[in-house]
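The structure under discussion appears below in the form of structure tokens.
Have a look at this one:
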């Protein structure tokens, strides 16, 4: 009687093999993510240069390709249009603004918190934090985006996402301060927020830092306006 052939069993993978495989996959995807991020930053820097030089309308995707040293096919793998580039830039600003506003909630002095938020917001929106262009590249780009938003519904919607997030965060902070009896605003909170935001935006549009105005010099201005609009009661928590 012949023996029946027994099915072969595949040796189980050892835990070391599994860990090595997972490590390889993690490194691979991590490298790809870093490469993609580097390429996106390269395109964003080129787009900023083109928008500042020629304006949003005047700069073409071909101009951005040339500035970035990339073929159109390569660039379109990352961004499908100039609006998509602006959306990515504004998303970065939203994240930065959210971090700034998060620090506001840790302060017991609402006026000083508004001053710090105002100064930091002007710093991030006016000055080039990436060193990929002139020192006031961010302010110049901000001016171009705001101008384009007046005639381009897609860009206007992108801007509203950023402004809406800031507006909601500030209204929530002011509402909590009002309910705690810390402030007695002279107007409705929505108008108070809009007024303070308009001041910050005006400073960015006028590009004060590029005119030699140090940001620290704006602190008493922000403080005076915040005090006048919010009217702190000097009540302690």
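Residue numbers (the numbering used here): 4 to 240.
Glycine residues also receive a C-beta, built at the ideal position from the N, C-alpha and C atoms.
Treat the numbers as computed from the prediction; the structure is a model and nothing was measured.
Quick test of your reading: residue 90 and residue 161, contact by CB under 8 Å. State the CB separation rounded to the nearest angstrom.
5 Å
Quiz item: When you compare only the Cα positions, how much space is there between residue 199 and residue 228?
Solution: 8 Å
| query | So who's on the other strand from residue 186, going by DSSP bridges? | reply | 235
With distances taken from CA atoms, which of 213, 52, 232 and 118 is nearest residue 225?
118
Report yes if the C-beta distance between residue 55 and residue 147 is below 9 Å; otherwise report no. yes
Query raised in the report: For residue 73, does the three-state DSSP call read helix, strand or coil?
Result: coil
Presumed contact (8 Å Cβ cut-off) between residue 187 and residue 236, rounded CB distance
6 Å
* In this structure, does DSSP put residue 80 in helix, strand or coil? -> coil
Judging by CA-CA distance, which residue of 139, 94, 214 and 193 is the nearest neighbour of residue 164? 94
**Report entry** the stretch 113 to 130 / the stretch 206 to 226 touching (three or more Cβ pairs under 8 Å)
**Finding:** yes
Review point. What runs of the alpha helix (DSSP H), each 4 residues or longer, lie entirely inside the stretch 126 to 203?
Key: 140 to 152 and 156 to 182
For residue 68 and residue 40, what's the separation of their Cα atoms in angstroms? 17 Å
On a Cα-Cα basis, can you pick out the residue from 87, 207 and 72 that is closest to residue 158? 87
### Task
Count the other C-beta atoms from every protein chain shown that fall within 10 angstroms of the C-beta of residue 105, then say buried if there are 16 or more, exposed otherwise.
exposed
Quick one, which of 174, 58 and 150 has its alpha-carbon nearest residue 208's?
150
Proximity test, Cβ basis, 9 Å: residue 178 and chain D
No chain D appears in the structure shown, which is made up of a single protein chain.
- prompt: Three-state secondary structure (DSSP) at residue 49?
  reply: helix
7 Å CB neighbourhood of residue 138 in its chain, flanking five on each side removed: 130 and 131
- [ ] With residue 95 as the anchor, note down where its alpha helix (DSSP H) starts and where it stops.
- [x] 85 to 107
Taking residue 124 and residue 100 to be in contact with their CB atoms under 8 Å, please state how far apart those CB atoms are, rounded to whole angstroms. 6 Å
| task | State buried or exposed for residue 176, treating a residue as buried only when at least 16 other CB atoms are found within 10 Å of its CB. | result | buried
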